[in-house]
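Numbering (this note's numbering), first residue to last: 4 to 298.
C-beta: ideal position from N, C-alpha, C; glycine also.
These notes concern the structure reproduced below.
Dropping the structure here:
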């Protein structure tokens, strides 16, 4: 098994990619799988150049084969890799290209995902006006589709943007719309609920009570999936970083250590490239990875 923390693994995997490509060709799925593994390894080892190069090769292959949706996902992965490598302008250009790809495919959820990630990148680049435009378009596209979580994620991203722009009334409206349709334990839903609490307190930044929000979301998730009347009560809290639950007189640890999601994610493309964070708060430092929240 490959050691993802050992720099020597990069040389080994690079040699494997070369051997597979020579034997099977650059467009064989085995070659693409090896390149995708190399891209993920580059991220783990902090080698953005290797990561960008590997994803560019995968993208070129998908384009040659006419695999449009996979090429779009690769383009999103490339934009995030470029951003992580400090190539902000290149990343914005790749997002623009990805948007053109998504328009050609014309699936609302794909357009919403691209616009959302693009808007978050524009916000980080200081292009506030364009960022708002893209995030608003992301919500509009998500509403065209049938993916409720995509609507929720787009609304949370726009709501956090509006909160940080001190437009609290607008932020509340869009956050409430998104949270109404999302699974309560979706990472972006937890981020959104916490920020909504801050909005209701009149704050333009801050995640509110993240631990309490996470515990409430877990409780709602459990209760809504149990037969009615099965539990008289279920109390949930986070103690020392772990969920604890009480249905009777004693607290019991759930056994699953959970940390609060302090990042808001830019959506990672589905499939090959690992999901990076969703919410960067003002106290932490993402990209989807769920929704990033930067003040």
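Between the CA atoms of residue j and residue i - distance to the nearest angstrom
{"i": "residue 61", "j": "residue 144", "result": "27 angstroms"}
{"i": "residue 182", "j": "residue 49", "result": "35 angstroms"}
{"i": "residue 150", "j": "residue 112", "result": "7 angstroms"}
{"i": "residue 86", "j": "residue 65", "result": "22 angstroms"}
{"i": "residue 168", "j": "residue 131", "result": "9 angstroms"}
{"i": "residue 80", "j": "residue 58", "result": "7 angstroms"}
{"i": "residue 16", "j": "residue 29", "result": "15 angstroms"}
Where residue i falls, given that 16 or more other Cβ within 10 Å makes a residue buried
{"i": "residue 34", "result": "buried"}
{"i": "residue 53", "result": "buried"}
{"i": "residue 190", "result": "buried"}
{"i": "residue 18", "result": "exposed"}
{"i": "residue 105", "result": "buried"}
Close Cβ partners of residue i (< 7 angstroms) along its chain, the five nearest in sequence each way excluded
{"i": "residue 140", "result": "118"}
{"i": "residue 133", "result": "125"}
{"i": "residue 27", "result": "33 and 34"}
Residues of its chain near residue i, where Cβ-Cβ distance is below 6 angstroms and the 5 sequence neighbours each way are ignored
{"i": "residue 115", "result": "141, 144, 145, 153 and 157"}
{"i": "residue 275", "result": "Confidence is the limiting factor: at residue 275 the pLDDT is only 49, short of 50, which leaves the residue's position unreliable and the question unanswerable from this model."}
{"i": "residue 312", "result": "The question about residue 312 has no answer, for the chain in this structure spans 4 to 298."}
Candidates the options, of which the one nearest residue i by Cα
{"i": "residue 42", "options": "28, 13 and 29", "result": "13"}
{"i": "residue 173", "options": "147, 196, 193 and 202", "result": "202"}
{"i": "residue 199", "options": "104, 178 and 185", "result": "178"}
{"i": "residue 155", "options": "70, 193 and 102", "result": "193"}
{"i": "residue 71", "options": "175, 137, 101 and 17", "result": "101"}
{"i": "residue 160", "options": "147, 184, 63 and 135", "result": "135"}
{"i": "residue 176", "options": "195, 188, 187 and 186", "result": "195"}
{"i": "residue 11", "options": "93, 22, 45 and 73", "result": "45"}
{"i": "residue 89", "options": "148, 55, 206 and 137", "result": "55"}
Opening and closing residue of the alpha helix (DSSP H) in which residue i lies
{"i": "residue 230", "result": "Here residue 230 belongs to no alpha helix (DSSP H), and DSSP marks it neither H nor E."}
{"i": "residue 132", "result": "131-147"}
{"i": "residue 23", "result": "11-27"}
{"i": "residue 48", "result": "Segment: none, residue 48 is in no alpha helix (DSSP H) and carries neither H nor E."}
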